[in-house]
Amino acid sequence: MNVLASTVGHELKLALRQLYGPRFSDLILFGSYARNTFHDESDVDFAVVLQDDAFSASAEILRITPFSTEIGIRHHVAVSILPVSSNKLQQSAFPVYQAIRTEGIRI
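FYI, in our numbering the residues of the sequence shown are 18 to 124.
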């Protein structure tokens with residue numbers, strides 16, 4: 018795993034543990050950094066896996082964005098987040114979730 022993605026991931030994971038407590042399940046790197054096909058303008062993509070099924074992804078993005086933005090600024094990289102329930106991640110046939118399951122790297 019790329020050093021930048023690893024550093025950003027570990028910092029984000031610490032922030033998410035504090036923000037969500039037991040609701041937080043996992044942080045998974047996916048996309049170009051997981052495939053090692055990134056370039057200078059690539060963002061770092063993370064799936065934020067939460068325990069519960071009943072939440073608004075857009076509301077969770079608003080909760081996480083201040084932390085992901087601060088970390089991204091500190092490391093000069095755009096950080097993209099995709100909140101998802103553990104059930105949806107395991108069961109959904111949508112391509113993005115299939116990609117996370119196959120290429121994702123747990124932080």
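Ideal Cβ positions, reconstructed from N, Cα and C, are used throughout, including at glycine.
Can you give the Cα-Cα distance for residue i and residue j, rounded to whole angstroms?
i      : j      : result
ASN19  : ARG118 : 19 angstroms
GLN107 : LEU67  : 12 angstroms
HIS27  : LYS105 : 23 angstroms
HIS92  : VAL101 : 25 angstroms
ILE88  : ALA110 : 31 angstroms
LEU29  : VAL96  : 10 angstroms
DSSP three-state call for residue i: helix, strand or coil?
i      : result
VAL61  : strand
SER102 : strand
SER73  : coil
SER85  : helix
SER109 : coil
VAL96  : strand
HIS56  : coil
So, are the CB atoms of residue i and residue j less than 9 angstroms apart?
i      : j      : result
LEU33  : PHE84  : yes
ALA22  : LEU46  : yes
ALA76  : GLY121 : no
SER49  : ASP62  : yes
ILE124 : ASP60  : no
Going by DSSP, name the residue or residues bridged to residue i.
i      : result
VAL66  : ASP43, VAL101
ILE122 : LEU46
Could you spell out where the alpha helix (DSSP H) holding residue i opens and where it closes?
i     : result
GLY38 : Run containing GLY38: none; DSSP gives neither H nor E here.
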